[in-house]
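Protein sequences appear in the order of chains Y and B.
Going letter by letter, the first sequence gives residues 138 to 406 in this note's numbering.
Going letter by letter, the second sequence gives residues 138 to 406 in this note's numbering.
Using N, Cα and C, we set each Cβ at its ideal position, and we do this for glycine too.
Since we're looking at a predicted model, the values are computed, not measured.
In what follows, a single structure is set out as structure tokens and then discussed.
Protein chains: 2
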Amino acid sequence: MYIDVKNILHELNEEIELLKSKVSHEPKLISLVVEPDPSTLSYLKTQKKTTKKYGVNLEIIESHNLEEDLNYYNEDKSVDGIFVSRPLPKRYSELDIARNINPKKDVEGVSFFNIGSMYYEEELFVPCTAEAVVKIIEENTKIQGKNVVVVGRSTTVGKPVAILLLKRGRDATVTVAHSKTIDLNEITQKADILVVAIGRANYIKQNFVKEGATIIDVGINVVDGKIVGDVSSEVVEKCEVTPVPGGVGSVTSLILIRNVFRAAINNSI
Amino acid sequence: MYIDVKNILHELNEEIELLKSKVSHEPKLISLVVEPDPSTLSYLKTQKKTTKKYGVNLEIIESHNLEEDLNYYNEDKSVDGIFVSRPLPKRYSELDIARNINPKKDVEGVSFFNIGSMYYEEELFVPCTAEAVVKIIEENTKIQGKNVVVVGRSTTVGKPVAILLLKRGRDATVTVAHSKTIDLNEITQKADILVVAIGRANYIKQNFVKEGATIIDVGINVVDGKIVGDVSSEVVEKCEVTPVPGGVGSVTSLILIRNVFRAAINNSI
Chain Y
138 MYIDVKNILH ELNEEIELLK SKVSHEPKLI SLVVEPDPST LSYLKTQKKT TKKYGVNLEI
198 IESHNLEEDL NYYNEDKSVD GIFVSRPLPK RYSELDIARN INPKKDVEGV SFFNIGSMYY
258 EEELFVPCTA EAVVKIIEEN TKIQGKNVVV VGRSTTVGKP VAILLLKRGR DATVTVAHSK
318 TIDLNEITQK ADILVVAIGR ANYIKQNFVK EGATIIDVGI NVVDGKIVGD VSSEVVEKCE
378 VTPVPGGVGS VTSLILIRNV FRAAINNSI
Chain B
138 MYIDVKNILH ELNEEIELLK SKVSHEPKLI SLVVEPDPST LSYLKTQKKT TKKYGVNLEI
198 IESHNLEEDL NYYNEDKSVD GIFVSRPLPK RYSELDIARN INPKKDVEGV SFFNIGSMYY
258 EEELFVPCTA EAVVKIIEEN TKIQGKNVVV VGRSTTVGKP VAILLLKRGR DATVTVAHSK
318 TIDLNEITQK ADILVVAIGR ANYIKQNFVK EGATIIDVGI NVVDGKIVGD VSSEVVEKCE
378 VTPVPGGVGS VTSLILIRNV FRAAINNSI
């Protein structure tokens, strides 16, 4: 069975409407792009449409000096939120963003301050994809005492999902596996809840999963011009699986928009 | 078999001597104590002896306003390192320290900046006990591809050990279990490396472990006036186990001292 995220989207839409009614200005979101490639620019075009629909003014700015530009927009009062487009060129690392972005404008939740808060179990802005994953799990199954396996150890999915699910009150037992894990399928087979962020099309087959598990597919891969996830389609016969597209990605987009409105409210106080 | 940490202590001693030769002043370490109880004061007395032995001037200061005092010593040029004694009274949380302590003086590695760096795989000051655990594991067994189970999800042991062992190059597959984990022994039995930080005397018995596993006992419990760990003594018949006392705690103490010298060097630049 596929997991339907429309309830979550509906709730997020309502939350955004409520926040919108409290902001007197059109929120301004800056996307810094370093050495953009065509696919990044095409992705940003889509994002421009989404933000426009929700009444957010997205400005795409080509950056030639990331630290300098972050410092500039960190201070610019007219800017509510900032994010940096990925992929980054090799001379930059995630650390350069995490260290320098103003935590109040860090709508993607990647700054030291926001990561630190999450680590100490206070959720302010947390990495959007990780929040989407946790929201979908909470909506669809009990978490306490469950064995969760997260495949992937990135700073935007694997690590934050693990930290968020370990939080007191959620109380999952969490395993983080990754590309260097030996006999991955033996580990994933034991998962009551499986979060997959590998980045390899249709990698997770039926022999990787336990009957009845809840599976969150974070993968976005292009195969023959079609977008597919990391979980192969026949897995839906055994498990509840989020669709790709239309699952985690849709929820993530709305979380980003909601965060921009939250930042705008804080900015106008 | 018990694991002998004397090689690690020897290496740390050498590292400290080397750092010492580069510092021209006696490093000053401030311990802030809020509402001290007798056991905290007695522990600090021991610490005072250790620091003295290594040529560190430890000043114990009773704090009536933690944020104010942190701000004061954060700026005080004569102070190289700061730590806050635990337990904290209920009106304070770990967040109050993490948010306010100057990362350059944060010799325990608990500040947002240092936690954030660790999260992004850059190790500056990391939580001392977690570094001790990782050092002992690295000295005694291969980590890559191993299944590590960490029992406990604290901000000073469980979470940082997990993050440090997931780091690229170390590449462990890591499970974090805790007090809400169901059938804990089924999970710990699968561990090639088991890190135990539960805080319950002799809790881990033979039926919790796999033959030949490497076990790091972080527990410090007092039973009939004697200090014992979380791992029961008969486990040494099946596994390699760190002793308590004389294991993780001894390494942790030296890491703290080393960090004070590192901070002193940075402070004198």
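At the 8 Å Cβ level, is residue i part of the contact set with chain B, yes or no?
i: T293 of chain Y; result: no
i: D308 of chain Y; result: yes
i: R290 of chain Y; result: yes
i: Q281 of chain Y; result: yes
i: I252 of chain Y; result: yes
Rounding to the nearest angstrom, what Cα-Cα distance links residue i and residue j in this structure?
i: G362 of chain Y; j: S215 of chain Y; result: 39 Å
i: V385 of chain B; j: V355 of chain B; result: 6 Å
i: P380 of chain B; j: Y139 of chain B; result: 6 Å
i: H201 of chain Y; j: I353 of chain B; result: 48 Å
i: T187 of chain B; j: I300 of chain B; result: 29 Å
i: L331 of chain B; j: G295 of chain B; result: 11 Å
i: A309 of chain Y; j: V270 of chain Y; result: 14 Å
i: H162 of chain B; j: P240 of chain B; result: 21 Å
i: L156 of chain B; j: I234 of chain B; result: 27 Å
i: A338 of chain B; j: H315 of chain B; result: 15 Å
i: N407 of chain Y; j: V378 of chain Y; result: Only positions 138 to 406 of chain Y appear in this structure, which leaves residue 407 of chain Y out of reach.
i: E154 of chain Y; j: K304 of chain Y; result: 29 Å
i: N322 of chain B; j: C265 of chain B; result: 27 Å
i: K279 of chain Y; j: A328 of chain Y; result: 13 Å
i: G253 of chain B; j: E196 of chain Y; result: 28 Å
i: F262 of chain B; j: V373 of chain Y; result: 45 Å
i: V360 of chain Y; j: G336 of chain Y; result: 12 Å
i: S390 of chain B; j: K165 of chain B; result: 16 Å
i: I394 of chain Y; j: S248 of chain Y; result: 18 Å
i: S291 of chain B; j: E268 of chain B; result: 14 Å
i: N237 of chain Y; j: D243 of chain Y; result: 10 Å
i: V397 of chain Y; j: V221 of chain Y; result: 14 Å
i: G383 of chain B; j: C376 of chain B; result: 17 Å
Just checking: is the beta-carbon of residue i within a distance shorter than 8 Å of some beta-carbon in chain Y?
i: V313 of chain B; result: yes
i: F249 of chain B; result: yes
i: I300 of chain B; result: yes
i: L303 of chain B; result: yes
i: G349 of chain B; result: no
i: G336 of chain B; result: no
i: K375 of chain B; result: no
i: K296 of chain B; result: yes
What first and last residue would you give for the alpha helix (DSSP H) that runs through residue i?
i: S405 of chain Y; result: V385 to S405
i: S254 of chain Y; result: F249 to Y256
i: I234 of chain Y; result: E231 to N237
i: D206 of chain Y; result: L203 to E212
i: E276 of chain B; result: C265 to N277
i: E199 of chain Y; result: Not the alpha helix (DSSP H): E199 of chain Y falls in the beta strand (DSSP E), residues N194 to E199.
i: I324 of chain B; result: L321 to T325
i: V298 of chain B; result: G295 to L303
Starting from residue i and walking both ways along the beta strand (DSSP E), at which residues does that stretch end?
i: G218 of chain B; result: G218 to V221
i: K363 of chain Y; result: K363 to V365
i: I145 of chain B; result: That residue, I145 of chain B, is in no beta strand (DSSP E); its alpha helix (DSSP H) goes K143 to K157.
i: S168 of chain B; result: K165 to V170
i: L331 of chain Y; result: I330 to V333
Task: the stretch 272–286 of chain B in contact with the stretch 267–285 of chain Y per 3-pair CB rule at 8 Å - done: Per the Cβ contact rule, the stretch 272–286 of chain B is not in contact with the stretch 267–285 of chain Y (fewer than 3 Cβ pairs under 8 Å).
Task: Positions along the stretch 186–220 of chain Y whose CB lies within less than 8 Å of some CB in chain B - done: Flagged: no residues at all.
Open item on the list: Using 8 Å as the cut-off, can you tell me whether the stretch 332–346 of chain Y makes contact with the stretch 224–240 of chain Y, which would need three or more C-beta pairs spanning the two stretches below that distance?
Closed with: A contact is defined here as three or more CB-CB pairs under 8 Å, and the stretch 332–346 of chain Y fails this definition with respect to the stretch 224–240 of chain Y.
TODO: Anything in the stretch 254–271 of chain B with a Cβ closer than 7 Å to a Cβ of chain Y? List those residues in chain order, please.
DONE: Of all residues in the stretch 254–271 of chain B, Y256, Y257 and E259 have a Cβ within less than 7 Å of some Cβ in chain Y.
Task: Against chain Y: residues of the stretch 217–241 of chain B by CB proximity under 8 Å - done: Correct list: S230, E231, L232, A235 and R236.
Open item on the list: For the stretch 314–327 of chain Y, list every residue whose C-beta sits within 8 Å of some C-beta in chain B, in sequence order.
Closed with: Listed by position along the chain: A314, H315, K317, T318, I319 and I324.
Open item on the list: Below 8 Å, how does it come out for the stretch 159–170 of chain Y and the stretch 363–377 of chain Y: are there three or more Cβ pairs, yes or no?
Closed with: Flag = no, the stretch 159–170 of chain Y and the stretch 363–377 of chain Y do not touch.
Open item on the list: Does the stretch 204–211 of chain Y come into contact with the stretch 145–156 of chain Y, if we say contact requires no fewer than three beta-carbon pairs (one atom in each stretch) closer than 8 Å?
Closed with: Under the Cβ criterion (8 Å, minimum of three pairs), the stretch 204–211 of chain Y does not count as touching the stretch 145–156 of chain Y.
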